[in-house]
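J.: Keeping their order, the protein sequence lines are chains A and B. Numbering-wise, my numbering comes out as the position in the first sequence, counting from 1, plus 173. Numbering-wise, my numbering comes out as the position in the second sequence, counting from 1, plus 10. For each residue, glycine too, the CB sits at the ideal point set by N, CA and C. There's a structure below that I have some questions on.
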Amino acid sequence: MMNTPQLDHPLTGPFWKAAARQELQVTWCGACNHAVWYPRANCPDCGDPLHWRALSGEGLLASWCEVAAGLNPNFPTAYTCALVSPVEAPHIRIVMQLANSPAEKALSCDMPGRVRFIPLQQAAGEPYLAPAFEPYHDDDTACDKQLAPG
Amino acid sequence: MTRRSLQSIARAAVVPDGGTSVALDDIAGAAAITGIGETAVSGPSGREPRQMALEAIAAAIADAGLQPADIDGLMVSGHIADQVTADDFRRHFGTRRPLWFSTDGGAMIWAGTCGHTAATAMLAGKATHIVNVFAVDWASRRAAGTGTPGDWHAGEALKAHLEVPMGWYPQPVYFATFARRYMHEYGLTEEQLATIPLTFRRHANGHPGAVMGGRKLTLEDYLNRPPLAGPLRREDCCLISDGAAAWVMSPTERARDMPQVPAIIDGVGHGRIAGAPYISQQRDMTATPQVFAAPWAYAMANTSPSEIDVIAVYDCFSSTALMQIEDLGFCRKGDGGSFIQDNRLHHTRPRQEGGIPCNTHGGLLSHSYLLGASHVVELVKQLRGSAANPVTDARRAVYAGFTADESSTLILRRGR
Chain A
174 MMNTPQLDHP LTGPFWKAAA RQELQVTWCG ACNHAVWYPR ANCPDCGDPL
224 HWRALSGEGL LASWCEVAAG LNPNFPTAYT CALVSPVEAP HIRIVMQLAN
274 SPAEKALSCD MPGRVRFIPL QQAAGEPYLA PAFEPYHDDD TACDKQLAPG
Chain B
11 MTRRSLQSIA RAAVVPDGGT SVALDDIAGA AAITGIGETA VSGPSGREPR
61 QMALEAIAAA IADAGLQPAD IDGLMVSGHI ADQVTADDFR RHFGTRRPLW
111 FSTDGGAMIW AGTCGHTAAT AMLAGKATHI VNVFAVDWAS RRAAGTGTPG
161 DWHAGEALKA HLEVPMGWYP QPVYFATFAR RYMHEYGLTE EQLATIPLTF
211 RRHANGHPGA VMGGRKLTLE DYLNRPPLAG PLRREDCCLI SDGAAAWVMS
261 PTERARDMPQ VPAIIDGVGH GRIAGAPYIS QQRDMTATPQ VFAAPWAYAM
311 ANTSPSEIDV IAVYDCFSST ALMQIEDLGF CRKGDGGSFI QDNRLHHTRP
361 RQEGGIPCNT HGGLLSHSYL LGASHVVELV KQLRGSAANP VTDARRAVYA
411 GFTADESSTL ILRRGR
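Spelled out as structure tokens, the structure:
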């Protein structure tokens with residue numbers, strides 16, 4: 174089953190429109206001043222309407238999974254999937270892929286890093302820009318360097 | 011019989027934050043499993059689910075010493091595969107009587123909660139002998155390219171839009187992500203985790219008809235296998251199978267005059283995470299919703315983990331089984347990796363020797379993927395003393411059902 178992002182979807186389209194301009198956005202309750210994820214119309218705590226808010230892209234690697242080639246028919250080659258908790262909203266987790274190969278550098282839970290945007294393409298369908306987690310490593314000297322997509 | 015109030019059960023059933031326990035009325039001791047039936051289990055077989063279901067139902071009715079015309083209730087899955095209807099039942103067995111019918115039956119969590127639903131129907135006078143059945147042909151469907159167990163997840167809108175496009179799919183990826191976090195928090199090693207698939211395989215090796223019955227598995231074999239969804243290997247993931255299982259539930263006072271040793275339904279629990287069904291957001295990735303279900307079931311049954319002799323846990327993945335053993339209260343959270351060593355889950359190590367025999371038929375990992383229906387049938391056999399891998403003098407049994415965002419708990423007690 175193939176599911177490419179639907180930019181016109183009322184609940185999830187804004188996330189992907191933001192990603193297309195390399196911005197990470199989540200739904201936010203202004204009254205409670207916290208993120209609500211996944212997106213929905215109203216805050217489950219206070220009932221106020223939610224709005225989309227841009228995040229810095231910095232976060233922690235809550236956990237990850239190395240997916241072997243062939244397990245997921247949408248992404249036939251091996252890749253690494255991650256759950257990322259943004260610094261502004263440590264209680265939520267955003268699903269994304271890892272920006273670089275984990276074989277090069279060891280991963281560990283709760284390691285800090287930042288989101289950059291990489292093109293993903295499923296076995297069928299057009300490529301799209303998606304957030305991907307890039308861990309900071311001790312030898313990184315320019316972790317805030319602007320990286321071009323791809 | 012005096013029944014406990016919801017308030018008194020709720021006071022006794024302390025559940026942690028991050029989810030809720032469904033408020034189930036006290037039905038302790040009202041009903042019992044009086045008959046069990048199974049088809050052969052297999053890989054792709056071309057068998058039709060409805061035919062398999064009817065075969066399992068016929069076996070369960072005969073096992074209970076009843077005739078099809080004695081059955082006045084039918085419970086099936088409302089969610090999975092192509093299940094039988096009341097008309098299918100009447101046509102196949104040539105009966106005419108109306109059937110109380112419920113789609114809150116089947117397997118997964120419903121293999122546990124159907125005991126509560128059925129007992130409630132009996133207490134309300136809606137039915138006397140109720141059959142619960144579950145059939146699945148996912149092995150055949152997957153081989154034919156007409157369906158996979160991931161279909162529901164890929165079809166749910168927010169998962170389809172925010173998980174599938176990132177590659178967080180199918181289920182092995184979810185549970186590998188949680189297993190990795192568990193390893194990080196509690197130091198679980200791959201060798202410790204291997205105990206789950208290795209023990210369940212040994213059980214399957216001793217259980218006639220188990221899909222992996224003839225295939226041995228050593229620790230060396232396991233460690234040499236590549237990750238499928240790291241840290242999980244294929245041996246950590248459930249089979250995909252064809253087959254069916256069914257059981258008859260009857261009022262306990264009737265069960266006393268029926269041929270089989272009754273498995274009395276003493277407690278049922280049902281819990282779910284906050285924010286269900288989105289497991290990526292569950293508060294504790296290292297626990298299952300069993301933490302919200304088990305306390306209610308123990309409170310209803312007025313029992314505790316120390317009084318349980320044998321368990322069957324929903325083992326879609328080895329790590330999920332490990333977490334549910336903890337979440338049922340058999341050891342502290344995080345101690346599971348060391349707790350399950352030294353044959354503690356094997357049928358030859360009973361409670362009085364410090365064990366807690368688990369998935370003695372081989373589970374979803376090595377018996378078959380009947381989504382928990384075979385687990386309940388196996389527990390009934392243990393209480394009757396007729397299991398292929400027997401647990402000595404098993405008097406109380408617990409089934410832990412699971413759908414990822416929800417869990418159920420079913421406590422059974424030997425009736426004679």
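1. I'd like the list of long-range same chain contacts for residue 267 of chain A, defined as Cβ closer than 6 Å, with 5 residues on each side in sequence excluded.
2. When you compare each of B/22, B/149, B/37, B/288 to residue 211 of chain A by their alpha carbons, which one comes out closest?
3. Within the continuous alpha helix (DSSP H) that includes residue 196 of chain A, where are the two ends?
4. Which residues share a DSSP beta bridge with residue 259 of chain B?
5. What first and last residue would you give for the alpha helix (DSSP H) that runs through residue 349 of chain B?
6. If you measure between the beta carbons of residue 183 of chain B and residue 254 of chain A, is that distance less than 8 Å?
7. If you compare alpha carbons, which of B/114, B/247, B/220, B/56 is closest to residue 149 of chain B?
8. Could you give the first and the last residue of the continuous beta strand (DSSP E) run that contains residue 240 of chain B?
9. Compare the beta carbon distance of residue 284 of chain B and residue 388 of chain B with 8 Å and say whether it is the shorter of the two.
10. Less than 8 Å between the CB atoms is what I'm expecting for residue 239 of chain B and residue 240 of chain A, so what's the real figure, rounded?
11. Please determine, among B/305, B/124, B/368, the residue with the shortest C-alpha to C-alpha distance to residue 29 of chain B.
12. Is it true that the CB of residue 227 of chain A sits closer than 8 Å to the CB of residue 271 of chain A?
13. Excluding sequence positions up to five away, which residues of its chain have a Cβ less than 8 Å from the Cβ of residue 180 of chain A?
14. Closest to residue 362 of chain B by CA distance: which of B/334, B/351, B/318 is it?
15. With H, G and I counted as helix, E and B as strand and the rest as coil, what does DSSP make of residue 416 of chain B?
16. For the segment 213-225 of chain A, which residues have a beta carbon sitting closer than 7 Å to at least one beta carbon of chain B?
17. Check for me: the beta strand (DSSP E) holding residue 234 of chain A runs from which residue to which?
18. Quick one: what does DSSP say residue 32 of chain B is sitting in, helix, strand or coil?
19. Is the beta carbon of residue 104 of chain B sitting closer than 8 Å to the one on residue 258 of chain B?
20. At the 8 Å Cβ level, is residue 239 of chain A part of the contact set with chain B, yes or no?
21. Between which two residues does the alpha helix (DSSP H) holding residue 152 of chain B run?
22. For residue 85 of chain B, does the three-state DSSP call read helix, strand or coil?
23. Using a beta-carbon distance cut-off of less than 9 Å, what residues from the segment 245-259 of chain B approach chain A?
24. Out of B/360, B/353, B/366, B/356, state which residue places its alpha-carbon closest to the alpha-carbon of residue 338 of chain B.
25. Give me the DSSP bridge partner(s) of residue 252 of chain B.
26. Grouping DSSP H, G and I as helix and E and B as strand, with all else coil, what is residue 210 of chain B?
27. Among A/235, A/229, A/204, A/231, which residue has its Cα nearest to the Cα of residue 220 of chain A?
28. Helix, strand or coil: which one does DSSP assign to residue 21 of chain B?
29. Determine the contact status of residue 277 of chain B and residue 303 of chain B, defining contact as a CB-CB distance below 8 Å.
30. Who are the neighbours of residue 173 of chain B on chain A, taking C-beta pairs under 7 Å?
31. Who are the Cβ neighbours of residue 250 of chain B in its own chain at under 6 Å, not counting the five residues just before and after it?
32. Does DSSP put residue 179 of chain A in a helix, in a strand, or in coil?
33. Taking just the CA atoms, how far does residue 415 of chain B sit from residue 232 of chain B?
34. Please determine if the segment 72-82 of chain B and the segment 133-148 of chain B are in contact, where contact requires at least 3 C-beta pairs separated by less than 8 Å.
35. Here's the rule: buried if 16 or more other CB atoms are within 10 angstroms of the residue's CB, otherwise exposed. What is residue 211 of chain B?
36. Tell me whether the beta-carbon of residue 293 of chain A lies closer than 8 Å to the beta-carbon of residue 303 of chain A.
T.: With the structure as the only source:
1. Looking up residue 267 of chain A in the first sequence gives position 94. 257, listed in sequence order.
2. To locate residue 211 of chain A, count along the first sequence from 1; it is residue 38. Answer by Cα proximity: B/288.
3. Locating residue 196 of chain A in the first sequence gives position 23, counting from the first residue. Counting along the chain, residue 196 of chain A falls outside any alpha helix (DSSP H), and DSSP gives it neither H nor E.
4. Here residue 259 of chain B refers to the residue found at position 249 when the second sequence is read from its first residue. According to DSSP, residue 259 of chain B bridges with B/43, B/140.
5. Taking the second sequence and counting its residues from 1, the one referred to as residue 349 of chain B is at position 339. Here the alpha helix (DSSP H) through residue 349 of chain B covers 346-349.
6. In the second sequence, the residue the question calls residue 183 of chain B occupies position 173. In the first sequence, the residue the question calls residue 254 of chain A occupies position 81. The Cβ atoms of residue 183 of chain B and residue 254 of chain A lie closer than 8 Å to each other.
7. Here residue 149 of chain B is taken as the residue at index 139 of the second sequence, counted from 1. Taking only the C-alpha atoms, the option nearest residue 149 of chain B is B/56.
8. In the second sequence, residue 240 of chain B corresponds to position 230, counting from 1. Residue 240 of chain B: member of the beta strand (DSSP E) spanning 237-240, first to last residue.
9. Here residue 284 of chain B refers to the residue found at position 274 of the second sequence. Here residue 388 of chain B refers to the residue found at position 378 of the second sequence. Not closer than 8 Å, so no.
10. Mapped onto the second sequence, residue 239 of chain B falls at position 229. Mapped onto the first sequence, residue 240 of chain A falls at position 67. Residue 239 of chain B to residue 240 of chain A, Cβ: 6 Å. Contact.
11. Residue numbering aside, residue 29 of chain B sits at position 19 when the second sequence is read from its first letter. Comparing Cα-Cα distances from residue 29 of chain B to each of B/305, B/124, B/368, the minimum goes to B/305.
12. Translated into positions along the first sequence, residue 271 of chain A becomes position 98. Translated into positions along the first sequence, residue 227 of chain A becomes position 54. Taking 8 Å as the cut-off, the Cβ atoms of residue 271 of chain A and residue 227 of chain A do not count as close.
13. Residue 180 of chain A sits at position 7 when you count from the first residue of the first sequence. Annotation for residue 180 of chain A: 186, 189, 190, 193 place their beta carbon closer than 8 Å to its own, counting only its chain and skipping 5 residues before and after.
14. As a first step, residue 362 of chain B is located in the second sequence; it is residue number 352 there, counting from the start. Among B/334, B/351, B/318, the Cα nearest to that of residue 362 of chain B belongs to B/318.
15. The residue labelled residue 416 of chain B in the question sits at position 406 within the second sequence. Strand, per DSSP.
16. Per Cβ criterion, the list is empty.
17. Counted from its first residue, the first sequence places residue 234 of chain A at position 61. Boundaries of the beta strand (DSSP E) around residue 234 of chain A: 231-240.
18. For the purposes of this step, residue 32 of chain B is taken as residue 22 along the second sequence, with counting starting at 1. For residue 32 of chain B, the three-state secondary structure derived from DSSP is coil.
19. In the second sequence, counting from the first residue as 1, residue 104 of chain B sits at position 94. In the second sequence, counting from the first residue as 1, residue 258 of chain B sits at position 248. In this structure, the beta-carbon distance from residue 104 of chain B to residue 258 of chain B does not fall below 8 Å.
20. For the purposes of this step, residue 239 of chain A is taken as the residue at position 66 of the first sequence. It does; some Cβ of chain B falls within 8 Å.
21. As a first step, residue 152 of chain B is located in the second sequence; it is residue number 142 there, counting from the start. Residue 152 of chain B -> alpha helix (DSSP H) spans 148-154.
22. Indexing the second sequence from 1 puts residue 85 of chain B at position 75. Residue 85 of chain B falls in the strand class under three-state DSSP.
23. Listed by position, the residues of the segment 245-259 of chain B near chain A (Cβ gap below 9 Å) amount to none.
24. For this step, residue 338 of chain B is matched to residue 328 along the second sequence. The shortest C-alpha to C-alpha distance from residue 338 of chain B to any of B/360, B/353, B/366, B/356 is the one to B/366.
25. Working through the second sequence from its first residue, we reach residue 252 of chain B at position 242. DSSP lists B/52, B/147 as partners of residue 252 of chain B.
26. On the second sequence, position 200 is the one that residue 210 of chain B refers to. Residue 210 of chain B: helix per DSSP, three-state reduction.
27. For this step, residue 220 of chain A is matched to residue 47 along the first sequence. Comparing Cα-Cα distances from residue 220 of chain A to each of A/235, A/229, A/204, A/231, the minimum goes to A/204.
28. Along the second sequence, one-based indexing puts residue 21 of chain B at 11. Of the three classes helix, strand and coil, the one that applies to residue 21 of chain B here is helix, per DSSP.
29. Looking up residue 277 of chain B in the second sequence gives position 267. Looking up residue 303 of chain B in the second sequence gives position 293. Against a cut-off of 8 Å, the Cβ pair of residue 303 of chain B and residue 277 of chain B comes out as no contact.
30. For the purposes of this step, residue 173 of chain B is taken as the residue at position 163 of the second sequence. One finds 268 in chain A with Cβ atoms closer than 7 Å to the Cβ of residue 173 of chain B, taken in chain order.
31. Mapped onto the second sequence, residue 250 of chain B falls at position 240. Cβ within range, chain order: 148, 149, 152, 379.
32. Stepping through the first sequence from its first residue, residue 179 of chain A is reached at position 6. Of the three classes helix, strand and coil, the one that applies to residue 179 of chain A here is coil, per DSSP.
33. If you number the second sequence from 1, residue 232 of chain B lands on position 222. If you number the second sequence from 1, residue 415 of chain B lands on position 405. The alpha-carbon atoms of residue 232 of chain B and residue 415 of chain B are separated by roughly 29 Å.
34. With contact defined as three or more Cβ pairs closer than 8 Å, the segment 72-82 of chain B and the segment 133-148 of chain B are in contact.
35. Residue numbering aside, residue 211 of chain B sits at position 201 when the second sequence is read from its first letter. Label assigned to residue 211 of chain B: buried.
36. Mapped onto the first sequence, residue 293 of chain A falls at position 120. Mapped onto the first sequence, residue 303 of chain A falls at position 130. Between residue 293 of chain A and residue 303 of chain A, the CB-CB gap stays under 8 Å.
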